[in-house]
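Read top to bottom, the protein sequences are chains A and B. Just so you know, our numbering puts 13 at position 2 of the first sequence, and the rest follows in order with no gaps. Just so you know, our numbering puts 822 at position 109 of the second sequence, and the rest follows in order with no gaps. Contents: one structure, followed by commentary.
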Amino acid sequence: NSGSNLKDEL
Amino acid sequence: MNLFRLAGDMTHLVSVVVLLLKIHTIKSCAGVSLKTQELYALVFAARYLDLFVHFVSLYNTVMKLVFLASSFTIVWYMRRHKIVRRTYDKEHDTFRHHFIVLPCLVLGLLLNEKFTFREVMWAFSIYLEAVAILPQLVLLQRTRNIDNLTAQYVFFLGAYRVLYIFNWIYRYFTEPHFVHWISWIAGIVQTLLYGDFFYYYILSWKNNVKLELPA
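Have a look at this one:
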């Protein structure tokens, strides 16, 4: 789940 | 959230406010590309599909709603408002924006972090955002008198992208496993597109003359 912490960006 | 990220979001917000200010108070969208605005509306619609599924923070939800609402409001003004739409420079806003949507969708299907509907749409929105400014930059080149608000709108939009790169550099060194090739490469491409504009914007600002982009 590499993308999870990026999805906190707009 | 680091300072670069916050500053980036704020310049993004300022750019939208500047554009809405111009459209709503001056009732003019001269020099503004409807093609770019339609692409942004599509970018936000595709990216914020997770709005009611994946909660990050109140800040995130509010900002997403603001960018969604503002992008569709701007498109509405330019297409439907009886005074504003007459100021739209349709003859010069000729970039074939539909032709960049499909390649971005294909790229999203091929290069994504996970082959799910939401992740494909997310990657698609990242690729589309990278090139969404192109119609606006082309229109600026063709505009004789670029007004200050339009120039400032593009400047703040570009500043937002530059600050996001600083944000990624910061996060790379402060957060473990923070590697995101898709948004980094697309983000760098997007920022490079502003290079020329920045050069002439700063030049006009330094010499205190009206901005003009060479064709």
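Heads up, the beta-carbon is just placed ideally off N, CA and C, and yes, glycines get one too. Since this is a predicted model, take the numbers as computed values, not measurements.
Apart from the five residues just before and just after residue i, which ones in its own chain have a Cβ nearer than 8 Å to its Cβ?
i: Val-779(B); result: Leu-726, Val-729
i: Val-892(B); result: Tyr-885
When you compare each of the options to residue i by their alpha carbons, which one comes out closest?
i: Thr-877(B); options: Leu-926(B), Ile-859(B), Gly-721(B), Ala-845(B); result: The residue asked about is misnamed: residue 877(B) is Tyr in this sequence, not Thr. For Tyr-877(B), the nearest C-alpha among the options comes from Gly-721(B).
i: Phe-756(B); options: Ser-838(B), Gln-849(B), Leu-820(B), Pro-816(B); result: The question names Phe, but residue 756(B) in the sequence shown is Val. Residue Ser-838(B) is the option with its Cα nearest to Val-756(B).
i: Arg-857(B); options: Phe-812(B), His-805(B), Asp-763(B); result: His-805(B)
i: Leu-752(B); options: Gln-854(B), Ser-784(B), His-767(B), Thr-887(B); result: Ser-784(B)
i: Ile-898(B); options: Thr-738(B), Arg-799(B), Asn-825(B); result: Asn-825(B)
i: Thr-800(B); options: Tyr-772(B), Ser-741(B), Ala-872(B); result: Ser-741(B)
i: Ile-787(B); options: His-737(B), Thr-829(B), Cys-817(B); result: His-737(B)
i: Leu-734(B); options: Phe-879(B), Tyr-866(B), Val-814(B), His-890(B); result: Tyr-866(B)
i: Ala-845(B); options: Gly-821(B), Ile-813(B), Asp-860(B); result: Ile-813(B)
i: Val-745(B); options: Arg-793(B), Met-714(B), Ala-759(B), Asp-802(B); result: Asp-802(B)
Any beta carbon from chain B within less than 8 Å of residue i's own beta carbon?
i: Ser-13(A); result: For Ser-13(A), the pLDDT reaches just 43, beneath the cut-off of 50, and the residue's location in the model is therefore unreliable, although a value from the coordinates is still provided. Yes, contact with chain B.
i: Leu-21(A); result: yes
Is there a C-beta anywhere in chain A that falls below 8 Å from the one on residue i?
i: Phe-869(B); result: no
i: Asn-715(B); result: no
i: Phe-780(B); result: yes
i: Val-769(B); result: yes
i: Met-776(B); result: yes
i: Asn-861(B); result: no
i: Asp-909(B); result: no
i: Asn-921(B); result: no
i: Asn-858(B); result: no
Tell me which same chain residues have a C-beta within less than 6 Å of the C-beta of residue i, skipping the five on either side of it?
i: Thr-807(B); result: none
i: Leu-764(B); result: Lys-777
i: Leu-870(B); result: Ser-728
How far does the alpha helix (DSSP H) with residue i in it extend, from its first residue to its last?
i: Asp-722(B); result: 716-738
i: Gly-744(B); result: Per DSSP, Gly-744(B) belongs to no alpha helix (DSSP H) and is neither H nor E.
i: Ser-784(B); result: 771-793
i: Tyr-801(B); result: Element bounds for Tyr-801(B): n/a, residue is neither H nor E.
i: Phe-808(B); result: Neither: Phe-808(B) is in no alpha helix (DSSP H) and is coded neither H nor E.
Quick one: what's got a C-beta closer than 7 Å to residue i's C-beta in the same chain, skipping five residues either side?
i: Tyr-914(B); result: Ala-864, Phe-868, Leu-924
i: Arg-874(B); result: Gly-900, Gln-903, Thr-904, Tyr-907
i: Tyr-761(B); result: Lys-777, Leu-781
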